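The opening residue of the sequence shown carries number 12 in this note's numbering; numbering runs sequentially from there.
Think of the CB as a built atom: it goes at the ideal place given N, C-alpha and C, for glycine as much as any other residue.
It should be emphasised that the depicted structure is a prediction, and the values quoted were computed from it without experimental measurement.
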Amino acid sequence: MAEFNTEIRDDLLHLKESLTVSGITSPSALSKIKSARCGVRVTNTADITATTTTDKTLLWDTDGFDTDAWDVLEAKATKISAANAITSARFQHWQMQLMGNAHAMGTDSAVLKVLFLNGAYEKAKFGVPIPRAWRLRFTERELRDNERMLETGRDEILEARSKE
């Protein structure tokens, strides 16, 4: 399981800044880094739809990259309750995304900043927004297993499309 470090700033001002300026945010700069680190062709996802993609390229889209700490940066805003543990299955899709981005960028760490828009649904009512942040560290095995799972899913989709 990924290691979660909660010693990250999580105040609203810092979260707002991270949503607007998070390390390298230019898609072209990120593409150049990804290409240089991984030796793969990186395509701007804005120009591609799932129906036109037929090769085996995996597309990655991260919110930013901290070149000092070599961290993938991801910011989320959600209506999911902050009462759920970040390690729960409720957030597994975020962890898979972060692992894919980290692997593509040649790192084992990511910073996830989340604004829980409705708080923790205190007393079954909308609460006040709650900002939280975590630094995640993934093992080589987690990164490798996640990559294999994504590639298998991609291959199954492409195979099904080829039979249409």
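Just the Cα atoms here: how many angstroms apart are residue i and residue j?
i, j, result
"N157", "F137", "34 Å"
"A144", "E85", "10 Å"
"A171", "A100", "28 Å"
"W81", "L147", "12 Å"
"E167", "L109", "22 Å"
"N129", "R159", "35 Å"
For residue i, which of helix, strand or coil comes out of DSSP?
i, result
"A80", "coil"
"A100", "helix"
"A131", "coil"
I need the boundaries of the alpha helix (DSSP H) containing residue i, first residue and last residue.
i, result
"I168", "E151 to S173"
With residue i as the anchor, note down where its beta strand (DSSP E) starts and where it stops.
i, result
"A93", "Premise fails: A93 is in no beta strand (DSSP E) and is neither H nor E."
"P208", "Past the boundaries of the shown model lies residue 208; the chain is included only from 12 to 175, so the question cannot be answered."
Where DSSP assigns a beta bridge to residue i, which residues make up the other side?
i, result
"G75", "L84"
"L109", "According to DSSP, which records beta bridges pairwise, L109 is partnered with nothing at all."
Compute the beta-carbon to beta-carbon distance between residue i and residue j, rounded to the nearest angstrom, for a pair I have assumed lies under 8 Å.
i, j, result
"K90", "V125", "About 11 Å separates the two Cβ atoms, so there is no contact after all."
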